[in-house]
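Enquirer: Per the numbering used here, residue 162 is the first one in the sequence shown, and the count goes up by one each step.
Once you've had a glance at the structure underneath, I'll fire off some questions.
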Amino acid sequence: MALGNINLGIRAGEFLCIVGPSGCGKSALLLLIAGLAFLTSGEVRVNDQLVKGPGTDRILIFQEHGLFP
């Protein structure tokens with residue numbers, strides 16, 4: 162994956178946009194947060210709980226399947 166040295170804190174009620182060029186790791190970051198990909202080092206925590214896989218407290222909707230034609 163294309164990520165390294167990420168430290169991201171998002172407070173309740175905040176709106177966040179992840180923007181960057183193709184291949185910079187946007188989708189990789191979302192997959193890690195959703196628990197659909199696994200780390201080679203470091204950790205991902207949501208509400209101070211270690212992400213070990215998909216959970217009912219997080220969701221990822223892929224653009225191809227989430228938008229109308």
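We put the CB at the ideal spot given by N, CA and C, even for glycine.
On a predicted model such as this, the values are computed, not experimentally measured, just so you know.
Check the C-beta distance from Gly170 over to Gly196 and give it rounded, since I have them as a contact under 8 Å.
Expert: Start at 1 with the first residue of the sequence shown, and residue 170 comes out as number 9. Start at 1 with the first residue of the sequence shown, and residue 196 comes out as number 35. Gly170 to Gly196, Cβ: 19 Å. No contact.
Enquirer: Tell me the DSSP secondary structure of Leu221 in three-state form.
Expert: If you number the sequence shown from 1, residue 221 lands on position 60. Three-state result, Leu221: coil.
Enquirer: Provide the residue span of the alpha helix (DSSP H) that contains Leu191, from first to last.
Expert: Locating residue 191 in the sequence shown gives position 30, where the first residue counts as 1. Note, Leu191: alpha helix (DSSP H), Lys187 to Ala195.
Enquirer: In three-state terms, what does DSSP make of Leu177?
Expert: Residue numbering aside, residue 177 sits at position 16 when the sequence shown is read from its first letter. Looking at Leu177 - three-state DSSP - the assignment turns out to be coil, as it is neither helix nor strand.
Enquirer: Give a yes or no on whether the C-beta atoms belonging to Leu221 and Leu192 are separated by under 9 Å.
Expert: For this step, residue 221 is matched to residue 60 along the sequence shown. For this step, residue 192 is matched to residue 31 along the sequence shown. It is a contact, given that the beta carbons lie within the stated cut-off.
Enquirer: Using the Cβ count rule (16 or more neighbours within 10 Å means buried), how would you classify Leu164?
Expert: For this step, residue 164 is matched to residue 3 along the sequence shown. Exposed, by the Cβ-count rule.
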